[in-house]
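The numbering of the sequence shown is full-length UniProt numbering, which starts it at 1 and goes up by one.
Beta carbons: idealized from backbone N, C-alpha and C, even for Gly.
Every value quoted in this text rests on a predicted model; they were computed, and no experiment measured them.
Remarks on the structure that follows.
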Amino acid sequence: MMVSLRRVRSPSLDVYNAFRAATVGVLVAMSLLRGGDSQPLVSGGNALYGWAAGYLVAIAASFGLGRSRLAQPLQLTLAVATDVGMLTGLIALNGGVRSGYGVLLLPFLAISGLLSSGRHALFYAALATVALLGYTGYELVRDLATPAELFQSGLLALAGFVVSVVTYQLGRVARESEALAQRQGNEIVQLNRLNALVLETLREAVLVLDDQGQVCQFNHVAANFLPELGRGQRRPELVALVERWQRSPDPSANLAVERLVRGRQLVGELIPIVQDNNRRLVLFLRDQADQAEEARRVKLAALGRLTANIAHEIRNPLAAISHAGELLAETADDAGSARLTRIVRDNALRIDTLVEEVLALNRRDRLRPEAIALAPFLTGLVDEFGVAQPDAAGAILVEVPDIPVAVAFDRGHLTQILFNLLRNAWRHGSRQTGAVRLRVEGEPDRAHLSVLDNGPGVSEDAQLHLFEPFFTTDSQGTGLGLYIARELAEANEAWLDYVPPSGHFRLTCRYAP
């Protein structure tokens, strides 16, 4: 097993060293107080003071090791070995184990065993046993000790092992408790992080209240709904909700919430969480307008998938109708028949345009983004539009800044969006030179492409439904152009909107990296 060499600064070792120094101090004080007795504490006169000085030097060295890179278990083992040696020396100075100083080994073994969490307790007891029995056996061989003293040393050694076993068990329990506390602490930290992550990722406002209406926790959406919200607050509107819950006949039932806050109609639910005497309330709030908008988006997405499937099924019979109309036109020999075949052809073309637009919407996620330099791209786009719309050739102006601007966009999507906007602008403008303009404006983080015309603009009522599918003010339109244009813009992380009162469409794009 590798021994850690990181710098260790253990307060427990400092406490142990302080205990060792205090023990030496007490022994010296007792010797001074009994210095005049007929039975001095230490036979040999000043030997105790030499022993104490040596012991204090060893303790000071242990303090120094505490600031070194030596691992803590090794520091403790060196300290215990020093203690066993010094206490054995004290026993020898006072005439052997019959002096009673051998008992001092027991508290040292107990404390060191606890500091090592019981891991080395038996080793420390074995070290003390070897020292005691070795010294007493040596004295017995020299006829300076009796078998009774050897027996007494054995009892001390046995007591040392008993203390070590007890400290080992206590250390094992302490280790298990520490490991359990560490695991639980880590789990609590992870759970708190998870709770915070969940709270912050929710699109709803979430507040946790106690049964007095005091705010315990909340997320950033709640802070947006309720300005100056803070933990520990008791806001009147929240206290009123809690009091309403307390008056309810079933305290465990959820409570529907509807409240007007700063002009916002908020709806949600108050959910009680009761465990023993700890009662918490979780309040979920959403802006009713956002909720309605989300429902509308879900509805439109489902409608889009449905129309895409229908459009795919229409293509084959539509092709057959178009081909049959062409054959009839070739054989039409009177004005009435020619008029009818023209109606068939025009409506087939209209349906084909509708099908192509719906299928293009269904392919909006197939992106091939690239860096597009706007100046040459828009010039080429206007030329292409002039070919498709001959009366607009040379009549559309392009305004770009002197600094080159490049955006990240799918080239096909950008072409389709701008073609649609140019077609609408040309249809509703005066169709004079300069009546339609393509303008590029740059901001620090975004670029704006605006399509401007001199037409009458869009009414306020129509603006509310401008980007909804199948909404149109033109009897010849499909009602999908602007809806598809916005969907394609969002697929490219851009945004298409209508800017009143100037009455122009603006496409906001991100710059190319």
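According to the neighbour-count rule (16 or more other Cβ atoms, all chains shown, within 10 Å of its Cβ), is residue i buried or exposed?
i           : result
GLN169      : exposed
MET2        : Low confidence applies to MET2: its pLDDT is 36, below 50, so where it sits in the model is not reliable enough to give any reading.
LEU90       : buried
ALA148      : exposed
GLY429      : buried
GLY213      : buried
CYS509      : buried
SER62       : buried
PRO390      : exposed
residue 515 : Residue 515 lies beyond the range of the chain shown here (1 to 513); nothing can be said about it.
VAL15       : exposed
ASP83       : buried
ILE111      : buried
SER459      : exposed
ILE403      : exposed
PRO469      : buried
LEU378      : buried
ILE310      : exposed
VAL405      : buried
ARG413      : Just to set this straight, residue 413 is His in the shown sequence, not Arg. Buried, because 16 or more other Cβ atoms sit within 10 Å of the Cβ of HIS413.
ARG20       : buried
So, for residue i: in the same chain, excluding its five sequence neighbours on each side, which residues have a beta-carbon less than 7 Å away from its beta-carbon?
i      : result
VAL24  : ALA52, TYR55 and LEU56
ARG411 : GLU370 and ILE372
ASP37  : In this prediction, ASP37 scores a pLDDT of 45, lower than 50, which makes its location untrustworthy; no coordinate-derived value is stated.
ALA392 : PHE385, GLY386 and TRP426
GLU493 : ARG510
Where DSSP assigns a beta bridge to residue i, which residues make up the other side?
i      : result
VAL206 : PHE284
HIS448 : GLU441 and THR508
ALA256 : GLU269
ALA406 : ALA373
ILE59  : According to DSSP, which records beta bridges pairwise, ILE59 is partnered with nothing at all.
The alpha helix (DSSP H) with residue i in it runs from where to where?
i      : result
GLU493 : Element bounds for GLU493: n/a, residue is neither H nor E.
LEU397 : LEU397 -> not in any alpha helix (DSSP H); beta strand (DSSP E) instead, spanning 396 to 399.
VAL221 : 220 to 225
ASN186 : 147 to 201
GLY89  : 72 to 93
GLY412 : 411 to 428
GLU112 : Here the sequence assigns Ser to residue 112, which means Glu is not the residue at that position. It spans 105 to 115 - the alpha helix (DSSP H) in which SER112 sits, taken as one unbroken run.
VAL239 : 236 to 247
THR136 : 121 to 141
ALA462 : 460 to 463
In chain order, what residues of the same chain lie with their CB nearer than 6 Å to the CB of residue i, ignoring the 5 residues before and after it?
i      : result
ARG446 : THR508
THR433 : ALA395
LEU481 : This sequence places Gly at residue 481; Leu is not what is there. Excluding positions up to five away in sequence, the list reads ASN420.
LEU65  : GLN75
PHE161 : ALA125
ARG423 : none
VAL221 : ALA205
ARG234 : GLY213 and GLN214
Less than 8 Å between C-beta atoms, sequence neighbours within five positions excluded: which residues of the same chain meet that for residue i?
i      : result
ILE273 : ARG279, ARG280, LEU281 and VAL282
SER43  : Any answer about SER43 is weak, because its pLDDT of 46 lies below 50 and its placement is not dependable; what the coordinates show is given next. Contacts found: LEU93, ASN94 and GLY95.
GLY102 : LEU87, ILE91, LEU132, GLN152, SER153 and LEU156
THR129 : ALA157, GLY160 and PHE161
TRP245 : PRO251, LEU255, LEU270, PRO272 and LEU281
Query raised in the report: With a cut-off of 8 Å, do at least 3 Cβ pairs link the stretch 178 to 187 to the stretch 240 to 260?
Result: By the Cβ criterion, the stretch 178 to 187 is not in contact with the stretch 240 to 260, since fewer than three pairs of Cβ atoms, one from each stretch, lie closer than 8 Å.
Query - Meets three-Cβ-pair contact criterion under 8 Å: the stretch 381 to 394 and the stretch 338 to 353 - result: At 8 Å Cβ cutoff, the stretches do not touch.
Query raised in the report: Does the stretch 461 to 473 touch the stretch 403 to 410, meaning 3 or more C-beta pairs lie closer than 8 Å?
Result: Look at the beta carbons and you see the stretch 403 to 410 not touching the stretch 461 to 473: under three pairs across the two are nearer than 8 Å.
Query raised in the report: Can at least three beta-carbon pairs, one atom from the stretch 137 to 156 and one from the stretch 187 to 205, be found at a separation below 8 Å?
Result: Counting C-beta pairs with one atom in each stretch, the stretch 137 to 156 and the stretch 187 to 205 have fewer than three that are closer than 8 Å, which means they do not touch.
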